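> Those protein sequences? They're chains U and D, same order as listed. With the numbering used here, the residue at position 284 of the first sequence is 284, and numbering never jumps. With the numbering used here, the residue at position 201 of the second sequence is 201, and numbering never jumps. Would you mind keeping the following structure in view while I ask a few things?
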Amino acid sequence: MSTAISARGLVKRYGAVTALDGLDLDVPEGTVLGLLGPNGAGKTTAVRIFATLLTADAGEVRVADIDVRREPNKVRRVIGLTGQYAGVDENLTGRENLEMVGGLYHLERQWVRHRASELLERFALVEAANRPLKTYSGGMRRRLDLAASLVAKPAILFLDEPTTGLDPRSRLDLWAVIEDLVAEGTTVLLTTQYLDEADRLADDIVVIDQGRAIAQGSSDELKDRVGGDRVEVVARSMDQLADIEKALASIARGSAVIDPDQRTVVVPVTGGTGTLLEALRVLDSAGLHLDDIALRRPTLDDVFLSLTGHAAQASQEGS
Amino acid sequence: MTSPSVSAEPTRARRPLWGWAFHDGWIVALRDLRKLPRVPEIWFFALIQPVIFVLLFAFVFGGAIPVEGGSYREFLMAGIFAQTIGFNSANTTVGLADDLTKGILDRFRSLPMSSSAVVLGRTTSDIVRGLITLIVLIFTGLAVGWRIHNGLPKAVLAVALLLFFGFALSWIAAWIGLYMPNTEVANTAGLIWLFPLTFLSNSFVPLDTYPAWLQTIAEWNPLSSVVLAMRQLFGNPVGPPVGGFPQTQPFAYSLLACVVILLVFVPLAVRKYRRSSAR
């Protein structure tokens with residue numbers, strides 16, 4: 001299996017801000033790589049460099065084995081990009097947008113017309129095809145945006161936070177579409193702030209923080225590294241937080257996180273729902289009163305906390 | 001189901017490199033032109049302002065400004081045409097500034113298209129807009145008493161010269177637009193240079209009414225020679241003759257000015273576009 005996207009020692013600075021600080025990554029052909037990180041981690045900067053919109057200050061990038069810096073136009077023929085901001089024209093209809101993009105890919109008009117119909121059908125936009133985009137909902141617009149990046153049947157697709165700002169239903173729809181594309185053999189690099197999105201779509205996840213890859217692996221591997229699931233307890237009163245932490249120490253697989261404002265204690269655990277019963281048992285026998293208790297999957301915050309020691313807050317805007 | 005005539009794999013059309021620049025430019029221009037019938041407000045304001053200008057100048061100043069060899073209204077119209085086409089180029093400034101703040105530019109920059117096409121498309125759609133506005137103005141002019149005296153072919157030549165001048169100005173406007181941080185600034189900056197350009201000229205008053213130093217500036221203002229060339233082609237009064245090459249050879253000087261503007265600002269604008277990145 002050959003490498004569709006590879007980056008070595010990627011550096012990009014904006015004045016005093018270092019957006020990328022020696023990023024390395026490889027995406028094998030036909031796989032999905034999830035680039036996971038908080039706002040300002042450098043995800044968008046990386047995608048913009050891969051998609052020829054920005055040039056790196058240092059490092060080497062190859063897309064489809066073409067040097068991005070040397071032959072950007074050759075790269076543009078084989079990639080599709082869906083950015084965070086809709087790359088479509090508000091005043092054109094859905095069909096016009098797709099045909100415009102096809103024309104700018106220098107594809108034959110007849111072929112483009114046909115391809116546009118195919119995509120409109122696939123993305124359930126046939127009825128809206130001849131309406132200006134102004135009348136589209138957010139989800140429809142995202143779907144059209146994705147369709148626009150697929151006009152030339154690109155072998156490599158970049159999706160920059162494809163579902164940010166979408167309602168849950170549209171999000172699920174878009175996931176299904178991306179899964180179809182992957183099944184057809186498209187290589188996808190997607191950035192996301194959501195672990196569940198990376199979990200569902202990506203074969204491999206690179207966690208990125210302050211412009212550097214801090215962890216890489218499948219979602220299971222990453223979750224194991226952050227210590228599996230979490231038991232989250234909401235105490236009835238503030239003064240029991242420490243006691244709760246002490247009681248849960250017997251089942252915890254790592255250090256607890258206490259949030260006095262929310263009156264919560266969160267501990268990493270392994271072993272599924274059985275652990276929840278165990279937790280209830282130890283808390284009950286210690287005579288502690290709870291408002292709520294839950295077992296949940298690790299979130300991006302948990303991953304960050306355990307990998308970096310700091311929370312996944314937006315470090316620096318402007319990636 | 002795919003029809004048998006269309007292959008599953010993308011088929012690429014072939015043409016020479018410069019051919020793609022025009023092909024891509026036209027696609028981008030169509031994008032802008034398609035918007036026009038869908039946003040009728042654009043037309044309302046694009047047309048109402050020049051028409052108001054015609055009426056104001058014709059009736060307010062019409063009696064106050066004497067022009068040798070004809071009426072002020074006949075003198076005025078070529079000036080109003082030129083002013084309108086000048087201000088029309090501000091569309092390019094605002095349009096490009098607007099694109100810069102949107103994701104569509106990322107889309108364009110990720111496509112294997114000609115890098116001059118986004119700017120070329122804007123300046124091209126500007127000419128089309130300009131032509132439509134001009135047609136409305138011509139009828140307004142005819143209604144207030146302006147006439148074409150030298151026949152239709154020369155009048156068409158006058159309009160063609162003005163549109164070519166407008167195209168050249170649009171490249172200056174494009175270059176300005178690519179430096180704009182947002183559309184609010186573009187709305188002001190896009191217009192500001194057009195006031196001296198259009199008013200410091202023979203558009204509304206004959207050149208001999210200016211003080212000497214200002215007269216030299218107005219005389220060498222290429223817009224003055226475009227206006228004079230048009231007046232001559234329409235057979236309208238031109239005011240008392242003044243000075244040097246721009247006013248004795250207005251047609252040649254106008255063409256020269258357009259070519260120089262294009263030679264300077266096409267490369268500047270294209271280079272700036274290549275370097276600008278939406279975010």
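Backbone N, C-alpha and C fix where the C-beta goes; we use that ideal spot for every residue, glycine too. Since we're looking at a predicted model, the values are computed, not measured.
I believe residue 81 (chain U) touches residue 45 (chain U) by the beta-carbon criterion, under 8 Å. Please report the beta-carbon distance rounded to the nearest angstrom.
Going by Cβ atoms, the distance from residue 81 (chain U) to residue 45 (chain U) rounds to 14 Å, so no, they are not a contact pair.
> Can you round the beta-carbon distance between residue 231 (chain U) and residue 253 (chain U) to whole angstroms, since I take them to be within the 8 Å contact cut?
Going by Cβ atoms, the distance from residue 231 (chain U) to residue 253 (chain U) rounds to 10 Å, so no, they are not a contact pair.
> Residues of chain U with a CB under 7 Å from the CB of residue 283 (chain D): which are they?
As displayed, chain D neither begins before 1 nor continues past 279, which places residue 283 (chain D) out of reach and without an answer.
> So is residue 314 (chain U) in contact with chain D if we call contact Cβ pairs under 9 Å?
Because the pLDDT at residue 314 (chain U) is just 44, under 50, the model does not fix this residue reliably, and the point stays unresolved.
> Pick helix, strand or coil for residue 179 (chain D), following the three-state DSSP scheme.
In the structure shown, residue 179 (chain D) sits in coil (DSSP, three-state: anything other than H, G, I, E or B).
> Kindly indicate the opening and closing residues of the alpha helix (DSSP H) around residue 255 (chain D).
Start and end: 250-275.
> Is the beta carbon of residue 290 (chain U) less than 9 Å from the beta carbon of residue 244 (chain U)?
Yes.
> How about the region 237-246 of chain D and the region 203-220 of chain D: do they share at least three Cβ pairs that are nearer than 8 Å?
A contact exists between the region 237-246 of chain D and the region 203-220 of chain D.
> Helix or strand or just coil, what does DSSP make of residue 14 (chain U)?
Correct three-state label for residue 14 (chain U): strand.
> Run the CB neighbour count on residue 197 (chain U), radius 10 Å, all protein chains shown included, and call it buried at 16 or more, exposed below.
With 16 or more other Cβ atoms within 10 Å, it is buried.
> Using DSSP bridges, identify the partner residues of residue 225 (chain D).
Residue 225 (chain D) is not bridged to any residue.
> Report all residues from its chain with a CB closer than 7 Å to the CB of residue 91 (chain D); omit the five preceding and five following residues, and keep chain order.
If we look at residue 91 (chain D) and ignore the five residues flanking it on each side, its Cβ neighbours are 126, 129.
> Looking at the unbroken alpha helix (DSSP H) that takes in residue 78 (chain U), where does it start and where does it end?
From DSSP, the alpha helix (DSSP H) with residue 78 (chain U) extends over 72-78.
> What in chain U is Cβ-close to residue 11 (chain D), meaning under 8 Å?
107, 108, 111, listed in chain order.
> Apart from the five residues just before and just after residue 131 (chain D), which ones in its own chain have a Cβ nearer than 7 Å to its Cβ?
Same-chain partners within the cutoff: 163.
> Report yes or no: do three or more beta-carbon pairs, one from the region 130-141 of chain U and one from the region 60-74 of chain D, lie closer than 8 Å?
In short, these stretches do not touch, since the Cβ pair count stays below three.
> So if DSSP puts residue 158 (chain U) in a beta bridge, which residue, or which two residues, is it bridged to?
Residue 158 (chain U) pairs with U:81, U:189.
> What runs of the alpha helix (DSSP H), each 4 residues or longer, lie entirely inside the region 34-115 of chain U?
Entirely contained in the region 34-115 of chain U, the alpha helix (DSSP H) runs reaching 4 residues are, in chain order, 43-50, 72-78, 94-104.
> Secondary structure at residue 8 (chain U), three-state DSSP: helix, strand or coil?
Correct three-state label for residue 8 (chain U): strand.
> Contact criterion: CB-CB distance below 9 Å. Does residue 100 (chain U) meet it with respect to chain D?
Answer yes: the Cβ-Cβ gap between residue 100 (chain U) and chain D drops below 9 Å somewhere.
> Compute the Euclidean distance between the alpha carbons of residue 13 (chain D) and residue 308 (chain U), then round it to the nearest angstrom.
Taking the straight line from one Cα to the other gives about 51 Å.
> So, does the CB of residue 73 (chain U) fall closer than 9 Å to a CB anywhere in chain D?
Chain D contact via Cβ: present.
> Starting from residue 268 (chain U), trace the beta strand (DSSP E) both ways and give me its first and last residue.
Note, residue 268 (chain U): beta strand (DSSP E), 264-269.
> Classify residue 11 (chain D) as helix, strand or coil using the three-state DSSP reduction.
Correct three-state label for residue 11 (chain D): coil.
> Does any C-beta atom of chain D lie closer than 9 Å to the C-beta of residue 7 (chain U)?
Output row for residue 7 (chain U): interface = no.
> Quick one, are the C-beta atoms of residue 30 (chain U) and residue 187 (chain U) less than 9 Å apart?
Yes, the pair counts as a contact, with Cβ atoms nearer than the cut-off.
> Which residues of the region 125-147 of chain U have a Cβ closer than 7 Å to any Cβ of chain D? Give them in chain order.
The region 125-147 of chain U vs chain D, Cβ under 7 Å: 132.
> Once the 5 residues before and after residue 250 (chain D) are set aside, which same chain residues still bring their CB inside 6 Å of it?
For residue 250 (chain D), where only same-chain residues beyond five positions count, the Cβ hits under 6 Å are 225, 228, 229.
> Spell out the partners DSSP gives residue 233 (chain U) in its beta bridges.
U:265, U:293.
> Does the beta-carbon of residue 2 (chain U) have 16 or more other beta-carbons within 10 angstroms, so that it is buried, or is it exposed?
It is exposed - the Cβ of residue 2 (chain U) has fewer than 16 other Cβ atoms within 10 Å.
> Which value, in whole angstroms, describes the spacing of the CA atoms of residue 109 (chain U) and residue 20 (chain D)?
In a straight line, the C-alpha of residue 109 (chain U) is about 14 Å away from that of residue 20 (chain D).
> Residues of the region 40-68 of chain U in Cβ contact with chain D at a cutoff of 7 Å, in chain order, please.
Within the region 40-68 of chain U, the residues whose Cβ lies closer than 7 Å to some Cβ of chain D are 51, 52, 53, 54, listed in chain order.
> With 16 as the cutoff for other CB atoms within 10 Å, does residue 218 (chain D) come out buried or exposed?
Buried is the call here.
> Please list the terminal residues of the continuous alpha helix (DSSP H) segment that includes residue 94 (chain D).
That run of the alpha helix (DSSP H) goes 90-100.
> Does any residue of chain D have a CB that is nearer than 9 Å to the CB of residue 88 (chain U)?
So yes, residue 88 (chain U) belongs to the interface.
> In terms of DSSP beta bridges, what is residue 212 (chain U) paired with?
DSSP output for residue 212 (chain U) lists U:209 as bridge partner(s).
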